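What follows is a short report on a single structure.
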Amino acid sequence: MMGLFLANPAWAVEDFMLTISSLSEYEEGQHSIVHGKTMTLDEEPVSKVLISVYFPSGIIKTSTNSTGQFSVTSPIPVEIGEDDITVYAKKDNRYTSAEITYKVTESKTKKIQEPVTKTPKITGKKIELDPFSKMLQEIEKQKNDEVKRETSLKEKQEIDEKRQLAKEDLQNDLKESERRNEAHSPRNVFYKFIQEVDSSVRGIFWQQFLFTERITNQAAEAKNDALKEGKSSFEATKIFQKKAAVSQKEVIEFNKGLSITHGNSTSGIQNLFDENGKLPRTE
Numbered sequence: 007m008m009g010l011f012l013a014n015p016a017w018a019v020e021d022f023m024l025t026i027s028s029l030s031e032y033e034e035g036q037h038s039i040v041h042g043k044t045m046t047l048d049e050e051p052v053s054k055v056l057i058s059v060y061f062p063s064g065i066i067k068t069s070t071n072s073t074g075q076f077s078v079t080s081p082i083p084v085e086i087g088e089d090d091i092t093v094y095a096k097k098d099n100r101y102t103s104a105e106i107t108y109k110v111t112e113s114k115t116k117k118i119q120e121p122v123t124k125t126p127k128i129t130g131k132k133i134e135l136d137p138f139s140k141m142l143q144e145i146e147k148q149k150n151d152e153v154k155r156e157t158s159l160k161e162k163q164e165i166d167e168k169r170q171l172a173k174e175d176l177q178n179d180l181k182e183s184e185r186r187n188e189a190h191s192p193r194n195v196f197y198k199f200i201q202e203v204d205s206s207v208r209g210i211f212w213q214q215f216l217f218t219e220r221i222t223n224q225a226a227e228a229k230n231d232a233l234k235e236g237k238s239s240f241e242a243t244k245i246f247q248k249k250a251a252v253s254q255k256e257v258i259e260f261n262k263g264l265s266i267t268h269g270n271s272t273s274g275i276q277n278l279f280d281e282n283g284k285l286p287r288t289e
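Shown next as structure tokens:
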């Protein structure tokens, strides 16, 4: 019985998620089909995502529709064995990929339709090939099988090479994107901004940014650790959000300390404020 195989969702730099599905088993002669969808963390569809599907028999390119969905069929029928399909998704310098594996078995229909060869009889005796003819027949069969194996191996090597090149292109694009955007990183942009701020509070602003940056980096490390432990992208993202959350009380306490450190207040004055950062009303 053929079942549906759903690949784990893969995230593209926290912007959209790619999910793909296909049958886990096909019969020889059928065409493999991949269905997919791209969506945000809030399950909103992402359209116009460029999709490249790497089948064992070739590459098909398409894009997601208005509902974030796509469907692609392999260019030629599948062959007996086990293979995989890799899907790459790209939009606005954001990339991700997902892979799915399927198995191909012998066609049941082919078995039924194959004619049964019967040895004709003449005067009650079977007509059989002589030993030399049998040997030639076996050699021809072996030769055809070897050609088929070599062709299949060559096609698989070509697909693997194209996949490797696609992965290398993806990494190069990411590195180039990071290089181009380095000047626009949060740290550099904020540092440039506070140069225009009054020097008496510039240090406070910078320490507030470093506090936020430290919390975010710790959350990112927790997410990466979760992925290494085998958790799904969705679970790892939830861990990131939890670790990156900061309570109002933590922010108030941190800002109190900054005001004292930079000489904008004293501990006595800061202690007058309540846990919500407000002065109590006096009657």
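Heads up: the sequence shown begins at 7 in the working numbering, then just goes up one per residue. Ideal placement from N, C-alpha and C gives every residue a C-beta, glycine not left out. Note that this is a predicted model, so its numbers are computed, not measured.
Rounded straight-line distance, which links the Cα of residue j to that of residue i
| i | j | result |
| --- | --- | --- |
| Ser-28 | Thr-107 | 9 Å |
| Ile-91 | Pro-62 | 7 Å |
| Lys-168 | Val-93 | 13 Å |
| Glu-120 | Thr-79 | Here Glu-120 scores only 49 on pLDDT, less than 50, and its place in the model should not be relied on; the value that follows carries that caveat. Glu-120 and Thr-79: Cα-Cα distance of roughly 27 Å. |
| Ile-82 | Ala-172 | 21 Å |
| Asn-99 | Lys-229 | 22 Å |
| Gln-254 | Ile-275 | 20 Å |
| Lys-262 | Ile-200 | 20 Å |
| Gln-170 | Ser-265 | 54 Å |
| Lys-149 | Ser-58 | 36 Å |
| Thr-25 | Gln-247 | 21 Å |
| Glu-235 | Met-23 | 20 Å |
| Thr-157 | Thr-44 | 35 Å |
| Glu-161 | Ile-66 | 15 Å |
| Thr-272 | Ser-206 | 15 Å |
Best match in the options for proximity to residue i [C-alpha to C-alpha]
| i | options | result |
| --- | --- | --- |
| Val-110 | Gly-35, Glu-202 and Lys-262 | Gly-35 |
| Ala-251 | Lys-229, Ile-221, Ile-258 and Gln-213 | Ile-221 |
| Phe-196 | Glu-219, Asn-223 and Ala-242 | Glu-219 |
| Lys-284 | Arg-193, Glu-259 and Phe-199 | Glu-259 |
| Gly-64 | Asn-150, Ala-242, Ile-210 and Gln-163 | Gln-163 |
| Glu-31 | Val-84, Thr-272, Ser-238 and His-268 | Val-84 |
| Glu-88 | Ser-38, Ser-72, Glu-49 and Thr-44 | Ser-38 |
| Val-257 | Asn-277, Lys-237, Ser-238 and Phe-217 | Phe-217 |
Inter-residue CB distance, residue i and residue j (contact presumed, cutoff 8 Å)
| i | j | result |
| --- | --- | --- |
| Ala-95 | Val-55 | 5 Å |
| Val-52 | Thr-68 | Contact doesn't hold; Cβ gap of about 14 Å is too wide. |
| Tyr-101 | Leu-176 | 5 Å |
| Thr-267 | Leu-47 | With 8 Å as the limit, Thr-267 and Leu-47 do not qualify as a contact, their Cβ atoms being about 37 Å apart. |
| Ala-232 | Ile-245 | 5 Å |
| Val-203 | Phe-211 | 6 Å |
Beta-carbon contacts of residue i that lie in its chain and below 7 Å, excluding the five residues immediately before and after
| i | result |
| --- | --- |
| Ile-145 | none |
| Gln-224 | Lys-249 |
Residues near residue i in its chain [Cβ-Cβ closer than 6 Å; skip 5 each side]
| i | result |
| --- | --- |
| Ser-77 | His-41 |
| Lys-97 | Val-55 |
| Asp-21 | Arg-100 |
| Lys-165 | The question names Lys, yet the displayed sequence has Ile at residue 165. Contacts found: Pro-62. |
Cutoff 8 Å; reference residue i; Cβ partners in own chain excluding five residues on either side
| i | result |
| --- | --- |
| Glu-112 | Glu-33, Glu-34 and Ile-86 |
Worksheet item: Taking only runs of the alpha helix (DSSP H) that begin and end inside the stretch 68-117, which ones reach a length of at least 4 residues, in chain order?
Response: none
Worksheet entry | Contained beta strand (DSSP E) runs [length at least 3] in the stretch 210-269, N- to C-terminal order | none
Worksheet item: In chain order, which alpha helix (DSSP H) runs of at least 4 residues are fully inside the stretch 170-210?
Response: 192-200
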